[in-house]
Every structure is written in C-alpha cells, then in structure tokens.
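Enquirer: To get this note's numbering, take the position in the first sequence, counting from 1, and add 34. Before I ask anything, let me first share the structure, which is written out below as structure tokens.
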Amino acid sequence: MAGRAPSATAPAPFRPARKSLRTVYERLLAAYGPQHWWPGETPFEVMVGAVLTQNTAWRNVERAIANLVGADVLEPARIAGLPAAELAALIRPAGYFNVKARRLQAFCRFVVDAGGVEALARLPTPVLRHRLLAVHGVGPETADDILLYAFGRPVFVVDAYTRRLFARLGLARGDEDYEALRAGVERAFGADAALFNELHGLIVQHAKAACAKVPRCAGCCLRRRCPASS
DNA sequence: TACCAGGAGAAAA
DNA sequence: TTTTCTCATGGT
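Below, the structure written as structure tokens:
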C-alpha cells in the first residue's frame with residue numbers, strides 16, 4: 035500500500051530513541067530519587083484528586099480532599115448525591131469549584147453506574163480508557179492519571195511539564211498531540227507501569243525544583259514562559 | 001502586581 | 001476543524 039505524505043497540518047510524530055528517554059529517566063531519578071506517587075489513601079481518592087488537580091497546584095487539592103474527608107463524603111454515591119452548591123463549597127480551595135463540582139459529580143455517577151471501583155478495575159485498559167474519556171470533565175491526562183495511579187495500568191501520563199521538558203531537550207518539537215507523546219513514550223519503554231509512575235512524578239518534581247532556581251535559569255525550568263528558552 | 005499551577009469543555013473564528 | 005476563551009483559589 036502506498037504511503038501518504040504527511041500534510042502540513044498533521045500532528046508532529048514522536049518517536050524518541052529508547053536510549054534518550056532512558057537517560058532522561060535515570061538522570062531525574064538520580065537527582066530526585068523515587069517519588070512514590072500518587073499520594074492518595076484509596077484508588078477512589080486518587081480519582082478525585084485527578085479531577086481536582088486539573089490546572090491546579092496539588093497543595094490546594096489536598097485542602098479540598100481534606101474537606102471531603104472531614105464532611106465524610108469521600109465516596110462515589112455520597113459525592114454524586116450532594117447538592118452541587120454544597121460540593122462546590124467543600125472543594126473551593128482547589129479552584130474552579132463550580133466547574134469541578136459538576137465534573138466530580140459526573141465522574142461519581144459514572145463510577146456508581148458502572149458498579150463501583152472494583153467493577154471498573156476488571157475492565158481491560160483500552161475499554162476502561164474509552165469509558166473514562168466519555169465522562170464529562172475527564173480528558174486524556176485525567177483519564178491516564180486514573181489508569182496509572184488508581185488502577186496501576188501501564189499508561190504514560192503526558193502533562194504540560196512533559197511536553198515542555200521533551201521540547202527543551204530537543205526530543206520533541208512541542209506541538210505533538212497528546213496521543214503521539216503518550217504512544218512515543220510507551221513504545222520506547224514498553225508496558226512498564228512502575229516506570230511510568232516514577233517518570234511522571236519525577237518530571238513534576240523537576241519542574242518544582244527547577245522553578246526554585248529560576249533567577250539563574252539556563253532553560254532547565256519548566257515554566258510556561260521560561261526566560262532562557264523563549 | 002504578575003505569574004503560575006499535575007486541564008477540559010464551550011464558544012468563536 | 002482549529003483556535004480562543006472561561007473557569008478561580010492560593011502560593012511565590
């Protein structure tokens with residue numbers, strides 16, 4: 035079958051060498067040590083955190099989760115049954131509280147309708163990912179956070195830091211779409227949930243650590259607008 | 001004061 | 001189909 039030339043608007047391919055990615059991983063691991071993500075008590079708490087952390091610092095998410103625990107509602111059916119305004123008040127510290135209240139309730143209804151977390155855990159990864167992506171408020175990153183950190187599936191999570199890191203290291207162009215980046219990493223490493231868990235955590239840790247030395251930044255920070263890389 | 005944070009969906013072009 | 005806008009609190 036004849037191949038088709040890539041169009042000007044086609045997403046950039048991402049086929050990094052395994053050796054390059056392995057080097058990145060090993061350097062980050064040597065610098066920061068194992069991250070042991072995700073800081074959730076239960077798989078469901080991890081899922082709630084995945085929704086609440088959208089474009090939000092984890093510190094603020096912890097406050098919102100603490101409020102849910104304090105109100106004794108950190109269960110799918112209870113969150114789904116709360117008045118939206120009451121849930122929004124509880125998760126207020128996480129920001130976007132009206133939006134996230136709707137998303138969290140949609141997600142909890144999905145969990146309840148599916149028969150609970152245990153029932154979801156029995157689904158094959160492609161099926162589970164497809165169903166997660168169909169839930170209002172669950173995009174690719176949130177779905178993969180849930181798959182990797184709540185269900186232990188070998189899925190790599192691509193976030194804004196990952197995109198910037200790969201671009202600033204010259205491994206990626208920076209305009210690859212989400213699926214291209216995810217597939218590229220998964221192809222390079224194979225199905226290794228433990229490694230994907232660590233690598234994503236290490237990239238976030240690197241972003242936080244590098245940002246602390248921004249005044250002398252040499253392009254190593256992962257801020258949106260790095261003064262040295264723009 | 002300005003910028004940023006472990007995005008996603010809706011609206012506009 | 002692609003780009004832009006909106007959602008919002010809290011820390012530095």
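Glycine included, every Cβ here is placed at the ideal spot set by N, Cα and C.
I'd like to check one pair, alanine 84 with aspartate 179: are the Cβ atoms closer than 8 Å?
Expert: Yes.
Enquirer: Would you list, in sequence order, the uninterrupted alpha helix (DSSP H) runs of no fewer than 4 residues that lie entirely inside the segment 74-159?
Expert: List check, alpha helix (DSSP H) in window: 77-86, 92-104, 110-115, 118-124, 131-148 and 151-155.
Enquirer: Between the C-alpha atoms of leucine 124 and tryptophan 92, what's the straight-line distance to the nearest angstrom?
Expert: Looking at the two C-alpha atoms, the distance is approximately 16 Å.
Enquirer: Using the Cα positions of phenylalanine 223 and proline 117, report the straight-line distance between them to the nearest angstrom.
Expert: If I take the Cα positions, the gap works out to 44 Å.
Enquirer: Exposed or buried, what is threonine 76 when buried is set at 16 or more other beta-carbons lying within 10 Å of its beta-carbon?
Expert: Its Cβ having fewer than 16 others within 10 Å, threonine 76 is exposed.
Enquirer: To the nearest angstrom, how far is the alpha carbon of alanine 228 from that of leucine 215?
Expert: Going by the C-alpha atoms only, they are around 18 Å apart.
Enquirer: Would a C-beta distance cut-off of 8 Å place alanine 114 and cysteine 142 closer than the cut-off?
Expert: Yes, the pair counts as a contact, with Cβ atoms nearer than the cut-off.
Enquirer: Does DSSP put tyrosine 207 in a helix, in a strand, or in coil?
Expert: The question names tyrosine, yet the displayed sequence has arginine at residue 207. If DSSP states are grouped into helix, strand and coil, arginine 207 belongs with coil.
Enquirer: Is the segment 126-143 in contact with the segment 164-175, if contact means three or more CB pairs nearer than 8 Å?
Expert: Short answer: they touch.
Enquirer: Could you check what DSSP says for valine 238 in three-state terms: helix, strand or coil?
Expert: The answer is helix: DSSP assigns valine 238 an H, G or I state.
Enquirer: Please classify alanine 46 as buried or exposed, where buried requires at least 16 other C-beta atoms within 10 Å of its C-beta.
Expert: The residue in question, alanine 46, is exposed, as its Cβ has fewer than 16 Cβ neighbours within 10 Å.
Enquirer: Consult DSSP for alanine 279 and reduce its assignment to one of helix, strand or coil.
Expert: Nothing can be reported for residue 279, as the shown portion of the chain is limited to 35 through 264.
Enquirer: Given a threshold of 16 other Cβ atoms within 10 Å of its Cβ, counted over all protein chains shown, does arginine 187 qualify as buried or as exposed?
Expert: That one is buried.
Enquirer: Would you be able to state if there are at least three C-beta pairs under 8 Å between the segment 195-208 and the segment 226-243?
Expert: Touching, yes.
Enquirer: Quick one: give me the first and last residue of the alpha helix (DSSP H) that alanine 51 is part of.
Expert: First-last for alanine 51: undefined, no H or E at that position.
Enquirer: Indicate whether phenylalanine 230 and phenylalanine 190 have their beta-carbon atoms separated by less than 8 Å.
Expert: Contact: yes.
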